[in-house]
Amino acid sequence: MATSSHSKGNYNFKIVLLGEGCVGKTSCVLRYVEDTFNDRHITTLQASFLSKKLNIRGKRVNLSIWDTAGQERFHALGPIYYRDANGAILVYDITDQDSFQKVKNWVKELRKMLGSDLNLAIAGNKTDLEKQRRVDVQMAEDYAKAVGAHHFHTSAKQNKGIEELFLDLSQRMINTSDDLARASGGSLGLSSLGGARGNTVTVVDDSQMSREKSGCCGGGSSSVVTGLPVDNNLAASSQ
Numbered sequence: 017m018a019t020s021s022h023s024k025g026n027y028n029f030k031i032v033l034l035g036e037g038c039v040g041k042t043s044c045v046l047r048y049v050e051d052t053f054n055d056r057h058i059t060t061l062q063a064s065f066l067s068k069k070l071n072i073r074g075k076r077v078n079l080s081i082w083d084t085a086g087q088e089r090f091h092a093l094g095p096i097y098y099r100d101a102n103g104a105i106l107v108y109d110i111t112d113q114d115s116f117q118k119v120k121n122w123v124k125e126l127r128k129m130l131g132s133d134l135n136l137a138i139a140g141n142k143t144d145l146e147k148q149r150r151v152d153v154q155m156a157e158d159y160a161k162a163v164g165a166h167h168f169h170t171s172a173k174q175n176k177g178i179e180e181l182f183l184d185l186s187q188r189m190i191n192t193s194d195d196l197a198r199a200s201g202g203s204l205g206l207s208s209l210g211g212a213r214g215n216t217v218t219v220v221d222d223s224q225m226s227r228e229k230s231g232c233c234g235g236g237s238s239s240v241v242t243g244l245p246v247d248n249n250l251a252a253s254s255q
């Protein structure tokens, strides 16, 4: 897990969003950071990065939020993006049972790689489609509790549950950071990537992409969110 600096009430945290494609990870981030929503499907290529500054109980918090690609061919790149994370948000689509099962895989991987100090949140997104729900609410909440995560019901489209999701995770990261600092007898040292760069996300309309998509990503105009360059050798190895 990342070390987080917090001198004089300043905290730098890294959050990574993980989940299948089409579950709404990018929409959740854009809703939280920029208070915007795009009805057209947004495809994230590799990963994108946004930042957010908060003041929580008089403590200044800098969030570096990493939005990752959900396509299977990019799964092997996951460790590159969640490395040094202080918190993780696992997003699933309430109308897609398989997307919830994939969350369980991510939880196992994160716990194995980053340990129990990583703060987890699970978000059941697209609650505006409640009539099409395929994931049982009680089952999802019970699972989150069992793995030490907090569960949230969100709709990026209706702006429901998004603020609460990030605020709760931020508060828990502060608590964890304070606990670790006390245990180590002082500051944990240098910050992670949190707050190091500004908003680098770019949303580009790409009608050609929409013609090449199928299923949930097909039809209409598509938007592509591009962010950080990725080593081509790593990308090739994930296919």
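Residues in the sequence shown are numbered consecutively from 17, following this note's numbering. We treat Cβ as the ideally placed atom computed from N, Cα and C, and that holds for glycine. Remember, it's a predicted structure, so these values are computed and weren't measured experimentally.
Alpha-carbon spacing of S223 relative to T84, whole angstroms: Reliability of the predicted coordinates at S223 is poor, the pLDDT of 39 falling under 50, and the value obtained from them is presented with this limitation in mind. If I take the Cα positions, the gap works out to 22 Å.
DSSP-derived helix/strand/coil call for R76: Correct three-state label for R76: strand.
Put A101 into one of helix, strand or coil per three-state DSSP. If DSSP states are grouped into helix, strand and coil, A101 belongs with coil.
Alpha carbon to alpha carbon, how far is S80 from V45? Roughly 11 Å between the two C-alpha positions.
Cβ-based burial, D112 [other Cβ within 10 Å; buried from 16]: D112 is buried by the Cβ-count criterion.
Buried or exposed by the 16-neighbour rule on C-beta atoms within 10 Å, applied to R47: By the C-beta density criterion, R47 is buried, having at least 16 other C-beta atoms within 10 angstroms.
Classification of M189 by the beta-carbon crowding that lies within 10 angstroms, buried from 16 upward: Flag for M189 reads buried.
Once DSSP output is grouped into helix, strand and coil, what is the label at S132? In this structure, DSSP gives S132 a state outside helix and strand, which the three-state scheme calls coil.
Please look up how many angstroms separate the CB atoms of S115 and V39, rounded, as I've assumed it's under 8 Å. Confirmed, Cβ separation roughly 5 Å.
Beta strand (DSSP E) containing A165: first to last residue? Element bounds for A165: A165 to H169.
For V123, I'd like the list of residues in its chain whose CB is within less than 6 Å of its CB, leaving aside the five on either flank, ordered along the chain. Cβ neighbours of V123 beyond the five flanking positions: V163.
Tell me whether the beta-carbon of L106 lies closer than 8 Å to the beta-carbon of L130. No. Outside cutoff.
Closest to S186 by C-alpha separation, out of V151, R127, A101 and S43, would be which residue? Ranking V151, R127, A101 and S43 by Cα distance to S186 puts A101 first.
Is I81 a contact residue of the ligand FMN, with contact defined as CB to any heavy atom under 7 Å? The ligand content of the structure shown is nil, which means the ligand FMN is not present either.
Run the CB neighbour count on A165, radius 10 Å, all protein chains shown included, and call it buried at 16 or more, exposed below. So A165 counts as buried.
Please state the DSSP three-state secondary structure of C232. Residue confidence for C232 is low, a pLDDT of 48 falling below 50, so the modelled location carries little weight; the figure read from the coordinates is stated next. The three-state reading of DSSP puts C232 in helix, counting H, G and I together.
Rounded straight-line distance, which links the Cα of R73 to that of N248: At N248, the pLDDT of 39 sits below 50, so the modelled position is not reliable and the matter cannot be decided from this model.
Just how far apart, CA to CA, sit V119 and L145? C-alpha separation (whole angstroms): 19 Å.
Please name the residue or residues paired with W82 in a DSSP beta bridge. BP columns for W82 point to V32 and F65.
With DSSP as the reference, identify every bridge partner of G140, one or two as the case may be. Partner(s): Y108 and H169.
Find the nearest neighbour of A139 within the set T52, V77 and K41, judged by alpha-carbon distance. Nearest in C-alpha terms to A139, of all of T52, V77 and K41, is K41.
Three-state secondary structure assigned by DSSP to N121: Secondary structure of N121 (DSSP, three-state): helix.
Between F53, L34, S64 and Y27, which has its C-alpha nearest V77's C-alpha? Residue Y27 is the option with its Cα nearest to V77.
For S171, which option in F29, G25 and T52 has the closest C-alpha, if you only look at C-alpha atoms? Among F29, G25 and T52, the Cα nearest to that of S171 is on T52.
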